[in-house]
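So the protein lines, in turn, are chains A and B.
With this note's numbering, letter number 37 in the first sequence gets 83, and the count goes up by one each step, no holes.
With this note's numbering, letter number 279 in the second sequence gets 1720, and the count goes up by one each step, no holes.
Okay, structure first, notes after.
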Amino acid sequence: MSDYRIIIFDSIHEVLRADKFFQNDGLKVKIIPPPRQLSADCGIALKVEEDFDVIADTLRKNALNPAGVFLKVGDRYVSEIKKLSFQGGING
Amino acid sequence: MSIYLDNASTSHPKPACVLEAMKYFLEEIGANAGRSAHKKAVEASRMVFETRELVADIIGAENSSRIIFLQNATEALNTAIFGLSLSRGDRVITSSIEHNAVMRPLRFLEKTRGIILDIIQCNRAGFLEADEIRKKITARTKLIVVNHASNVVGTILPIAEIGQIARVHNIPYLVDAAQSIGCLPMDVEKNFIDLLAFSGHKGLLGPQGVGCLYIRENFDLVPLRFGGTGSNSGSEYQPDFLPDRYESGTLNLPGIAGLRAAVKFVLERGISNIHKHIQNLTGELIEQLRKIKDIIIYGPQHKDLQTGVVSINLKGMTPAEAGEILDREFDIAVRVGLHCSPQAHKTIQTFPSGTIRVSLGIFNTVQDVNKFCEALCQIIE
């Protein structure tokens, strides 16, 4: 299986909003229960099989503000949240 | 055939798609939203999410997370009014035609917390000038709250003008759109609204049991309810993000499923088309009523200045008597009495006996108006 990333948000509303935008942009996205190594406070997460830049672009354009972005490397998850150099979340 | 002219209480009938959507939810989905990651739970969460997006569309809100699902417009108004944490000496400006869903929370805060109410007297038709509100503003004014349209006489208030005044003075602005939502166009941005409360079961044609509160970006309220939200479960503190902050406890999911179908129906029909239809019927009703002797009509008496709500009285008969005959002899449903708005009835000088309120909806026809007026003529004879 190719590389994938897990994206985590604070609320289910945000997960579903992100899911909508990823789908609109034609990205390969799926709603999953978060892997046990990661904690998602809202109980669901997004699994996206796309490159970081593609994901970051959709996040940025739609002012989506994830709590975490993790690249699956072997059996580890590497945080990439710091690479998202933008502000202006919508989580109130 | 019965004729339903009580749409200001709740719209009836509901579109068939509403019933189907509720049945589908209960039979095929049924799981709780926001609580689990299994397929049915995600489907339920998605249904709620899509409803929120549709509702946001209807009111011109850019960010659907600012739409909160509550029990009804009353709970939405209470959440807004109590959420502002008003304290002794704070002033609230409101109008003299508000529903008790606004007046009772305000009177409670007046009595228990010492807030001061500045109630702008509307004229007998239910109108007020936005400038009257401006004149009442002081440094202690912490809220301006008005209804978009009166539930007694249908009068449409100048909410955009009032909103502009509120925004200039940086005063929170709450609009009660229970009577107008789905019947009149609404845009929270163009009307400078910070907080908008409305029900899902009137003009939006959804089932009873769902109301909505829109909270403008960067605007915080203390929640009315605290508890489980499915998010942040490791914390014993209420989340600060929306919609979760204001939606503790399980939502009315079948109700929201019904509302989703209803809002789609309303958007497909087009609010401007619905408005035009009700406006034409209102014009026809007023015109026919004017021709009947011994009828008193209240309110603006003009289809452009009011919603499909018209209040009348028959000379020499109480509203209760007339309502009873309409129901028993003619199978026509109207609402009589004070309509939970004693202030409004004092304003139009019909307190304490009230009026006969006729309220038209999307499914009413000219024949309904004709039959109602014929029934009135027969009663008067």
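Cβ coordinates follow ideal geometry from the N, Cα and C atoms, glycine included.
- Below 8 Å, too few C-beta pairs join the region 1611-1621 of chain B and the region 1552-1570 of chain B to call them touching: fewer than three.
- With respect to alanine 1774 of chain B, tyrosine 1465 of chain B sits apart: the two C-beta atoms are not nearer than 7 Å.
- For aspartate 1635 of chain B, none of the residues of chain A pass the 7 Å Cβ criterion, the least Cβ distance being about 14 Å.
- Residues of chain B whose Cβ lies closer than 9 Å to the Cβ of proline 79 of chain A are, in chain order, Ser1477, Ala1478 and His1479.
- Residue range 1532-1536 is occupied by the beta strand (DSSP E) that includes valine 1533 of chain B.
- Judged by their CB atoms, serine 1800 of chain B and valine 1750 of chain B are nearer to each other than the 7 Å cut-off.
- Burial state of asparagine 1811 of chain B is exposed, judged by a 10 Å Cβ sphere holding fewer than 16 other Cβ atoms.
- Collapsing the DSSP output to three states places threonine 1596 of chain B in a strand.
- Per DSSP, reduced to three states, the secondary structure at leucine 1637 of chain B is strand.
- If you draw a straight line from the Cα of alanine 1497 of chain B to the Cα of leucine 1637 of chain B, it comes to about 11 Å.
- By the Cβ-count criterion, threonine 1579 of chain B is exposed, with fewer than 16 other Cβ atoms from all chains shown falling within 10 Å of its own Cβ.
- With respect to chain A, the C-beta atom of aspartate 1685 of chain B has a partner C-beta closer than 7 Å.
- With respect to the 7 Å criterion, asparagine 1693 of chain B and valine 1629 of chain B are not classified as neighbours on the basis of their beta carbons.
- With fewer than 16 other Cβ atoms from the protein chains shown falling within 10 Å of its own Cβ, valine 124 of chain A counts as exposed.
- Around the Cβ of isoleucine 127 of chain A, a 10 Å sphere holds fewer than 16 other Cβ atoms; the residue is exposed.
- 7 Å or more divides the Cβ of proline 1456 of chain B from the Cβ of leucine 1722 of chain B.
- Rounded to whole angstroms, the separation of the alpha carbons of lysine 1734 of chain B and histidine 59 of chain A is 57 Å.
- Interface residue (Cβ-Cβ distance to chain B less than 7 Å): aspartate 56 of chain A is classified as such.
- The beta carbon of leucine 1558 of chain B sits closer than 7 Å to the beta carbons of Val1533, Thr1535, Leu1547 and Glu1551 from its chain, once the five residues preceding and following it are set aside; these are given in chain order.
- At least one C-beta of chain A is nearer than 7 Å to the C-beta of serine 1486 of chain B.
- Counting along the chain, lysine 1705 of chain B sits inside the alpha helix (DSSP H) bounded by residues 1694-1710.
- Check the Cα spacing between proline 1454 of chain B and each of B/Gly1802, B/Ala1816, B/Gln1605 and B/Gly1795: the tightest is with B/Gly1802.
- By the CB criterion at 7 Å, glutamine 1720 of chain B and serine 1537 of chain B fall outside the cutoff.
- Every alpha helix (DSSP H) stretch that sits fully inside the region 1506-1531 of chain B and reaches 4 residues is listed by chain position as 1514-1524.
- Residue-level contact by beta carbon fails for valine 1496 of chain B and chain A, as no gap is shorter than 7 Å.
- Going by beta carbons, valine 1777 of chain B and proline 1793 of chain B fall outside the 7 Å limit.
- Counted as a single uninterrupted DSSP element, the beta strand (DSSP E) harbouring cysteine 1653 of chain B occupies residues 1652-1656.
- Phenylalanine 116 of chain A sits in a strand when the DSSP states are folded into three classes.
- Per DSSP, serine 1443 of chain B lies in no beta strand (DSSP E) and is assigned neither H nor E.
- DSSP links glutamine 1747 of chain B through a beta bridge to B/Thr1596.
- Threonine 104 of chain A carries a helical assignment under DSSP once its states are collapsed to helix, strand and coil.
- Counting of Cβ neighbours within 10 angstroms places asparagine 1805 of chain B among the buried residues, the total reaching 16 or more.
- Counting C-beta pairs with one atom in each stretch, the region 1667-1683 of chain B and the region 1470-1481 of chain B have three or more that are closer than 8 Å, which means they touch.
- Neighbours of glycine 89 of chain A in chain B, taken as residues whose beta carbon is under 9 Å from its own, are Gly1475, Arg1476, Ser1477, Ala1478, Ala1482, Gly1671, Ser1672 and Ser1674 in chain order.
- Listed in chain order, the positions of the region 1498-1510 of chain B with a beta carbon within less than 7 Å of a beta carbon of chain A are Asn1504 and Ser1506.
- Cβ-Cβ separation between leucine 1700 of chain B and alanine 1517 of chain B: approximately 14 Å, too far for a contact (criterion under 8 Å).
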